[in-house]
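Presented below is the structure to which this report refers.
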Amino acid sequence: MQLQSKLPNVGTNIFTVMSGLASQHNAINLGQGFPDFQMSEELIAFVSEAMKNGYNQYSPMPGWMPLREAIAEKANYLYGANINPDTEITITPGGTYAIYSAFTAILQPGDEVIVFEPAYDSYIPNIEVNGARAVAISLIYPDYHIDWNAVRNAITPRTKAIIINTPHNPTGSVINENDVSELRKIVEGTNIFIISDEVYEHLIYDGIPHQSILRYPDLLNRSFVCFSFGKVYNCTGWKLGYCIAPAELTKEFRKVHQFNCFSCFTPTQVALGNFLKNRDAYLSLAGFMQEKRDYFSKLMQQTKFTLQPSYGSYFICGTYEKLSDEADKDFVIRLTKEAGVATIPVSAFYRDGKDDKVIRFCFSKKNETLEAAVEKLKKI
Ligand SMILES: Cc1ncc(COP(=O)(O)O)c(C=O)c1O
409 MQLQSKLPNV GTNIFTVMSG LASQHNAINL GQGFPDFQMS EELIAFVSEA
459 MKNGYNQYSP MPGWMPLREA IAEKANYLYG ANINPDTEIT ITPGGTYAIY
509 SAFTAILQPG DEVIVFEPAY DSYIPNIEVN GARAVAISLI YPDYHIDWNA
559 VRNAITPRTK AIIINTPHNP TGSVINENDV SELRKIVEGT NIFIISDEVY
609 EHLIYDGIPH QSILRYPDLL NRSFVCFSFG KVYNCTGWKL GYCIAPAELT
659 KEFRKVHQFN CFSCFTPTQV ALGNFLKNRD AYLSLAGFMQ EKRDYFSKLM
709 QQTKFTLQPS YGSYFICGTY EKLSDEADKD FVIRLTKEAG VATIPVSAFY
759 RDGKDDKVIR FCFSKKNETL EAAVEKLKKI
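Counting from 409, one number per residue, gives the positions in the sequence shown under our numbering.
Now the structure itself:
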């Protein structure tokens with residue numbers, strides 16, 4: 409049998425590689441982005457209750473309606489958005505799937521999509537598997553802001569979409585109001601779609617407001633806005649998320665969704681429909697995680713790493729020029745083997761492997777884990 413790969417440049421992703429290396433060397437895993445502490449017991453109880461109450465069959469294709477209603481209510485409360493739960497919200501198996509489905513709904517072969525790098529690693533393969541081309545623009549190092557002139561220069565008649573991500577993985581940078589107004593000027597009067605990856609909407613620190621596309625009806629009109637419950641409720645393994653998009657776009661999105669997974673795990677949807685009413689559960693997350701960022705940053709002052717600012721997400725990046733001038737990929741492998749701490753090289757988030765010698769640490773861990781990791785990092 410001969411198979412012509414649709415993704416010839418894709419190998420095993422860096423998270424799998426580094427997590428594998430971490431377990432092989434019994435290293436502390438500050439690489440992949442997931443909490444190592446328990447999620448809410450109350451939410452677990454809601455799932456178990458839903459299962460006992462018989463909510464174990466297929467839910468409707470777009471998602472469990474009380475959950476969609478709770479999401480619409482939340483979008484209105486947080487961002488003043490008027491979202492129709494019937495026609496504008498689709499529950500998905502995670503944020504990554506929502507992004508993939510949005511791309512698949514809109515892209516034709518030969519289309520171009522503007523992607524900011526470093527970029528979450530699913531974006532470019534998602535674009536390419538649809539026969540489209542990713543046009544990568546580097547965020548400006550070291551604060552990783554968007555160069556909007558570069559975006560203007562990259563627009564062509566083939567530009568179908570721009571994908572944005574705020575708070576940003578891997579850098580922890582965030583989009584501000586000025587970025588939104590630049591984006592608005594660029595897309596106004598065009599047929600360019602926006603895919604907005606907002607999986608870290610509640611992980612934003614220092615009182616900075618999250619610039620959700622849901623705040624801006626003119627931008628929302630052309631957008632697929634993607635979210636993840638895994639990130640909000642410390643349960644990344646649940647793989648549950650949703651996409652908010654105007655009815656016309658949602659119609660196309662659901663054509664892809666209904667013949668891919670059709671509908672998501674029902675008990676968690678029922679549980680989240682109840683749990684989402686508890687505003688404090690999602691509003692308290694920023695404070696909780698900001699404390700972790702601050703605690704980790706303080707501990708890291710005892711090491712030779714220099715941390716960069718992080719305003720959101722699970723992540724904070726750092727440089728290691730006082731320790732080595734190795735390529736970041738080589739350095740993280742050595743760090744895992746010799747120091748016993750796994751991290752992620754930021755060059756992995758660039759298609760061409762651009763290496764600013766920056767590595768990413770995940771701080772959504774128990775304080776003991778952060779302490780133990782820094783004890784090891786201090787020794788190198
Ligand atoms: C920027 C970004 N988008 C999307 C996702 C995926 O979310 P989910 O696990 O819900 O698919 C992640 C997870 O790491 C992420 O960092």
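Cβ coordinates follow ideal geometry from the N, Cα and C atoms, glycine included.
query = Just the Cα atoms here: how many angstroms apart are lysine 765 and leucine 707?
reply = 21 angstroms
message = Alpha carbons only, please: which of Asn586, Tyr485, Pro526 is nearest the one belonging to glutamine 571?
response = The question names glutamine, but residue 571 in the sequence shown is isoleucine. When each option's Cα is compared against that of isoleucine 571, the closest is Pro526.
message = Assuming the contact rule is C-beta atoms closer than 8 angstroms, aspartate 529 and isoleucine 603 should be a hit. Round their C-beta distance to whole Å, please.
response = With a Cβ gap of about 15 angstroms, aspartate 529 and isoleucine 603 do not count as contacting.
request  = Please classify threonine 424: is it buried, with 16 or more other beta-carbons within 10 angstroms of its beta-carbon, or exposed?
outcome  = exposed
message = So, at 7 angstroms on beta carbons, what are the nonlocal neighbours of arginine 768 in its own chain, with the 5 sequence-adjacent residues on each side left out?
response = Pro578, Phe723, Cys725, Thr751, Ile752, Val754
ask   = Beta carbon of lysine 647: closer than 7 angstroms to some heavy atom of ligand 1?
value = yes
query = Looking at valine 607 and ligand 1, is the gap between the Cβ and the nearest heavy atom below 7 angstroms?
reply = yes
ask   = In chain order, which alpha helix (DSSP H) runs of at least 4 residues are fully inside the segment 673–750?
value = 674–683, 687–691, 693–708, 736–742
query = Between proline 802 and cysteine 672, what straight-line distance do the alpha-carbon atoms span, to the nearest angstrom?
reply = The chain is shown only over 409 to 788; residue 802 falls outside these bounds and no answer can be derived.
key: Option in Val782, Glu776, Gly748 with minimal Cα separation from alanine 430   = Gly748
message = What would DSSP say about isoleucine 583, mapped onto helix, strand or coil?
response = coil
inquiry  = Measuring only from the beta carbon, is glycine 441 closer than 7 angstroms to any heavy atom that is part of ligand 1?
reply    = yes
ask   = Where does proline 625 fall in DSSP's three states?
value = helix
Boundaries (first-last residue) of the beta strand (DSSP E) holding asparagine 573 = 567–573
message = For leucine 731, which residues in the same chain have their Cβ closer than 6 angstroms to its Cβ, ignoring the five residues on either side in sequence?
response = Lys712
key: 4-residue-minimum alpha helix (DSSP H) runs that sit fully inside the segment 626–652, ordered along the chain   = 637–640
request  = Put threonine 500 into one of helix, strand or coil per three-state DSSP.
outcome  = strand
query = Expressed to the nearest angstrom, what Euclidean distance is found between the alpha-carbon atoms of arginine 362 and phenylalanine 661?
reply = The structure shown does not extend to residue 362, since the chain spans only 409 to 788, so no value can be given for it.
task = Taking only heavy atoms of ligand 1 into account, decide whether any of them is closer than 7 angstroms to the Cβ of glycine 539.
result = no
ask   = Does the Cβ of leucine 693 have 16 or more other Cβ atoms within 10 Å, making it buried, or fewer, making it exposed?
value = buried
request  = Check whether the segment 507–516 touches the segment 654–668, counting contact only when three or more Cβ pairs, one atom from each stretch, lie closer than 8 angstroms.
outcome  = yes
message = Does the structure place the segment 592–607 close enough to the segment 631–643 that three or more beta carbon pairs sit under 8 angstroms?
response = yes
Counterpart residues of aspartate 605 in DSSP-defined beta bridges = Asn573, Cys634
ask   = If you draw a straight line from the C-alpha of glutamate 776 to the C-alpha of isoleucine 436, how long is it?
value = 11 angstroms
query = Per DSSP, glycine 534 is paired with what?
reply = The question names glycine, but residue 534 is asparagine in the sequence shown. Paired residue(s): none; asparagine 534 is not in a bridge.
Serine 580 CB to nearest heavy atom of ligand 1 below 7 angstroms = Before going further, note that residue 580 is glycine rather than serine in the sequence given. For ligand 1, not one heavy atom lies less than 7 angstroms from the Cβ of glycine 580.
ask   = For threonine 744, is the classification buried or exposed, using 16 other Cβ atoms within 10 angstroms of its Cβ as the cut-off for buried?
value = buried
task = Determine which residues share a DSSP beta bridge with histidine 433 and list them.
result = Histidine 433 is not bridged to any residue.
ask   = Start and end of the alpha helix (DSSP H) containing alanine 478?
value = 473–487
key: serine 456 classed as buried or exposed, judged by whether at least 16 other C-beta atoms fall within 10 angstroms   = exposed
inquiry  = Using 8 angstroms as the threshold, is the C-beta distance between phenylalanine 683 and leucine 438 below it?
reply    = no
request  = Within the same chain, show all residues whose beta-carbon is closer than 8 angstroms to that of tyrosine 613, passing over the 5 residues directly before and after it, in chain order.
outcome  = Ala694, Met697, Gln698, Arg701, Ser718, Tyr719, Gly720
request  = Specify whether the segment 499–508 and the segment 591–599 touch according to this definition: at least 3 beta carbon pairs, one from each stretch, less than 8 angstroms apart.
outcome  = no
ask   = Can you tell me the Cα-Cα spacing of tyrosine 487 and isoleucine 479, whole angstroms?
value = 12 angstroms
ask   = Per DSSP, what kind of secondary structure is arginine 759 in: helix, strand or coil?
value = coil
message = Let's test the definition: count the other Cβ atoms within 10 Å of the Cβ of phenylalanine 704 and tell me whether it reaches 16, buried, or not, exposed.
response = buried
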